[in-house]
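Asks: This structure is in structure tokens; I'll ask about it shortly.
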Amino acid sequence: MAAREQWDHIVGVFLTVLCLCERSVGQISYSIPEEVDKGTTVGNLAKDLNLSAQELHTSGLQITSAYKQRYFDINRESGVLFVSERIDREELCPNTVKCSLNIEAILSNPRSLHRIEVVITDVNDHAPSFLEEIATIDMYESSYVGERQPLPIAHDADVGANSVKTYKLNPNDHFSLDMQSTGEQTASAELVLQKALDREKQAVIELILTAIDGGKAPKTGTLQIKVNVL
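According to the working numbering, the stretch in the sequence shown is residues 460 to 689, in order.
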């Protein structure tokens, strides 16, 4: 008898899952910035599922996901999906242009499953930085005008438009800066000699390299460069 009851339970679970799969509908998509406050509205799920107030109360609507953190929850009175945990985009999706959290809305009456994608947009909350504070470059006094020296690359945890976009060099008599960009995420620079070096006049040339990101309120990071004239 116990074996029969266990079998009936397994069959019931299988049919429930099958039913949910059959009634699974197209994906709903929302978008929110990272680091928003708990309680921030993501979207009106009841409206997007075409549920009336009465249907919402009898639907048994609940939110599930495979994440350890419960990032989102549902207001069962209004059907509004809201943020329930702090979301750090760089922690969730390091070094990726697109970051999204995938959750599911399950209704028990009528039984159905709805997939939801919440895209987490980047906020410019990190400044560019270099791995070291000072970079030393050795150049011979006989170096020719136009000679190039690659410079250290700045790193930025932000992505896309908020990543490092350009570099600037402080005004000086000997060097200019040449920028290269190999894609949305990569910008680098080279030091270009513009005037012949003279060790007797200046044995050490000090420069400041500034990395600038593409945020609406740009953030910067600096690197001190010491050029030793040999």
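Every residue gets a Cβ at the ideal spot worked out from N, C-alpha and C, and that includes glycine.
Which stretch, first to last residue, makes up the beta strand (DSSP E) that contains Gln512?
Replies: Going by the sequence as given, residue 512 is Ala instead of Gln. Looking at the DSSP string, Ala512 is not in any beta strand (DSSP E); the run it does join, the alpha helix (DSSP H), is 512 to 518.
Asks: Put Arg548 into one of helix, strand or coil per three-state DSSP.
Replies: Here Arg548 sits in helix by DSSP.
Asks: Please report the straight-line C-alpha distance between Gly605 and Ala646, rounded to a whole angstrom.
Replies: Computed Cα separation, rounded: 21 Å.
Asks: May I ask you to report which of helix, strand or coil DSSP gives Gly619?
Replies: Reduced to three states, the DSSP call for Gly619 is helix.
Asks: I'd like the span of the beta strand (DSSP E) that includes Leu572, first residue to last.
Replies: Where Leu572 is concerned, the enclosing beta strand (DSSP E) stretches over 570 to 580.
Asks: What did DSSP end up calling Leu652 once you bin it into helix, strand or coil?
Replies: Note: Leu652 maps to strand in three-state DSSP.
Asks: On the DSSP bridge assignment, give the partners of Val686 in chain order.
Replies: Looking at the DSSP assignment, Val686 forms a beta bridge with Ile596, Ile664.
Asks: Count the other C-beta atoms from every protein chain shown that fall within 10 angstroms of the C-beta of Arg548, then say buried if there are 16 or more, exposed otherwise.
Replies: By the 10 Å Cβ count, Arg548 comes out buried.
Asks: Less than 9 Å between the beta carbons of Ile671 and Lys685, yes or no?
Replies: Going by C-beta atoms, Ile671 is not nearer than 9 Å to Lys685.
Asks: Just the C-alpha distance for Tyr530 and Asn561, rounded to the nearest angstrom, thanks.
Replies: Using only the alpha carbons, I get a separation of about 10 Å.
Asks: Could you tell me the alpha carbon to alpha carbon distance between Glu514 and Cys558, rounded to whole angstroms?
Replies: Answer to the nearest angstrom: the Cα atoms are 33 Å apart.
Asks: Rounded to whole angstroms, what is the Cα-Cα separation between His633 and Asp657?
Replies: C-alpha separation (whole angstroms): 10 Å.
Asks: In this structure, does DSSP put Leu504 in helix, strand or coil?
Replies: Here Leu504 sits in helix by DSSP.
Asks: How many Å lie between Thr669 and Asn631 at the Cα?
Replies: Approximately 14 Å between the Cα atoms of the pair.
Asks: Measuring alpha carbon to alpha carbon, tell me which of Leu652, Pro587, Glu600 ends up nearest Ala620.
Replies: The shortest C-alpha separation from Ala620 is found at Pro587.
Asks: Three-state secondary structure (DSSP) at Phe634?
Replies: Phe634 falls in the strand class under three-state DSSP.
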